[in-house]
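In this note's numbering, the protein residues as written are 234 to 645. Below you'll find the structure, written out as structure tokens, and then a few comments.
Next up, the structure:
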């Protein structure tokens, strides 16, 4: 399969999307409440209304009035993008599709009575609930993210890390840690190391030691691209390295490398912690021992509680946690909900597509993509095809076409 065919699949997902013409008329439209306005939540809201129209009532709740895309956010670190270029409000989804947007924070879910309760006391009843809440972190100890940023939820953390990187001078050390898989955006930490190394060495012209501590046993993805790039930039890479303690007062990191306790100091430390579903899902009893939410992958409905669907980074599956595939998961979920609410059978073999471009410098990038198909016997998504592209300047340019299409499909 050619690359253009992979990337077309952003608009496919199930293979056959719900046809508005078969919607049943009703006096009281079913209510779908969505919590989370990132790639999965925003896409679900948009396509529920785009396909369902006035026959369905859709409310989207998010505590942030502006969403900052993690996709391309590493390019803020090397001045190729500004943070404002990656920010999206809710005006398009409300004015273009009639989604109701609520700026608020959910405190709890009344699963028995199908109610979402906000911190301000507001209550929203639902027939279907979609949780698209993203990730939360498992910290090694109680350190300050304002001193040791993660920058893995884009926004203020991104600009904070950029300011710290800009403060680095020749002779300083920069440490980046990579969490245990699964985590959001598998290529992202390796991409960040390359982008920062290129920026410091080739743009700012400063000689900074860059150390990458990876809790995984090897490069999680794209080793053929990242390993030579690390060598070219002189990045010191240590696999099997687990963060044990972060001393943010003295900027010392304690870690265990292949069972041996070590420590290292640095001018700037960027710890990307291990990840889990947010507390809302865990406290609501929707997660298992992995701290992610198991779902029926044919429609993303919880395996634990009926009529609650979990999409994006917080659900449990073999699919990667990333923005492009979250957009497609949302379409599969929206299609399934509309079919169920209108008494139609679910599409039996939904497909999803993961795709990502990774910049390795200010002018070159690679790409990675895969297609997954639902397997009913194992309730899993089976990889049916995959491909990757090597580092090039043309891929760097194509990266902006891909991201622009994804931004438009999700946020406009």
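Heads up, the beta-carbon is just placed ideally off N, CA and C, and yes, glycines get one too.
Just the C-alpha distance for residue i and residue j, rounded to the nearest angstrom, thanks.
i           : j           : result
residue 369 : residue 529 : 22 Å
residue 639 : residue 555 : 12 Å
residue 442 : residue 405 : 6 Å
residue 630 : residue 457 : 21 Å
residue 492 : residue 502 : 22 Å
residue 333 : residue 279 : 11 Å
residue 254 : residue 577 : Confidence at residue 254 is low in this model, with a pLDDT of 47, below 50, so the placement of that residue should be treated as unreliable; the coordinate-derived value is given next. In a straight line, the C-alpha of residue 254 is about 13 Å away from that of residue 577.
residue 557 : residue 581 : 22 Å
residue 437 : residue 465 : 17 Å
residue 265 : residue 285 : 11 Å
residue 668 : residue 463 : What is shown of the chain runs 234 to 645, which leaves residue 668 out entirely.
residue 505 : residue 575 : 43 Å
residue 533 : residue 543 : 6 Å
residue 315 : residue 391 : 10 Å
residue 356 : residue 422 : 39 Å
residue 317 : residue 633 : 16 Å
residue 453 : residue 323 : 34 Å
residue 590 : residue 273 : 19 Å
residue 340 : residue 459 : 41 Å
residue 613 : residue 427 : 33 Å
residue 377 : residue 489 : 21 Å
residue 372 : residue 507 : 7 Å
residue 321 : residue 440 : 36 Å
residue 346 : residue 520 : 20 Å
residue 298 : residue 637 : 21 Å
residue 239 : residue 565 : At residue 239 the pLDDT is 49, less than 50, meaning the model places this residue with poor confidence; the figure from the coordinates comes in the next sentence. Taking the straight line from one Cα to the other gives about 17 Å.
residue 296 : residue 418 : 23 Å
residue 569 : residue 620 : 28 Å
residue 291 : residue 473 : 45 Å
Going by the CB atoms, is the gap between residue j and residue i shorter than 8 Å?
i           : j           : result
residue 303 : residue 430 : no
residue 593 : residue 624 : yes
residue 411 : residue 433 : no
residue 571 : residue 281 : yes
residue 348 : residue 358 : yes
residue 424 : residue 560 : no
residue 276 : residue 510 : no
residue 536 : residue 408 : no
residue 364 : residue 514 : yes
residue 289 : residue 335 : no
residue 645 : residue 325 : yes
residue 635 : residue 588 : yes
residue 366 : residue 268 : yes
residue 263 : residue 361 : yes
residue 342 : residue 517 : yes
residue 595 : residue 626 : no
residue 643 : residue 622 : no
residue 583 : residue 531 : yes
residue 351 : residue 500 : no
residue 455 : residue 420 : yes
residue 331 : residue 300 : no
Under the three-state reduction of DSSP, which class applies to residue i: helix, strand or coil?
i           : result
residue 314 : coil
residue 630 : helix
residue 589 : strand
residue 245 : In this predicted model, residue 245 has a pLDDT of only 49, less than 50, meaning its place in the structure is not dependable; the value taken from the coordinates is given anyway. If DSSP states are grouped into helix, strand and coil, residue 245 belongs with coil.
residue 524 : coil
residue 370 : strand
residue 449 : coil
residue 597 : coil
residue 510 : coil
residue 358 : strand
residue 613 : strand
residue 363 : strand
residue 434 : helix
residue 603 : strand
residue 407 : strand
residue 622 : strand
residue 398 : helix
residue 480 : strand
residue 455 : coil
residue 500 : coil
residue 466 : helix
residue 505 : coil
residue 287 : helix
residue 376 : coil
residue 491 : coil
Pairs of beta-carbons, one from the segment 538–554 and one from the segment 603–620, closer than 8 Å: are there three or more? yes
Taking one C-beta from the segment 377–393 and one from the segment 469–481 each time, how about it: are there three or more such pairs within less than 8 Å? yes
Any beta strand (DSSP E) of 3 or more consecutive residues that is wholly inside the segment 536–589: 541–543
Count Cβ pairs between the segment 540–549 and the segment 518–529 that sit closer than 8 Å; are there 3 or more? yes
Starting from the N-terminal side, write out each stretch of the beta strand (DSSP E) that is 3 residues or longer and does not extend beyond the segment 289–348. 290–295, 333–336, 339–343
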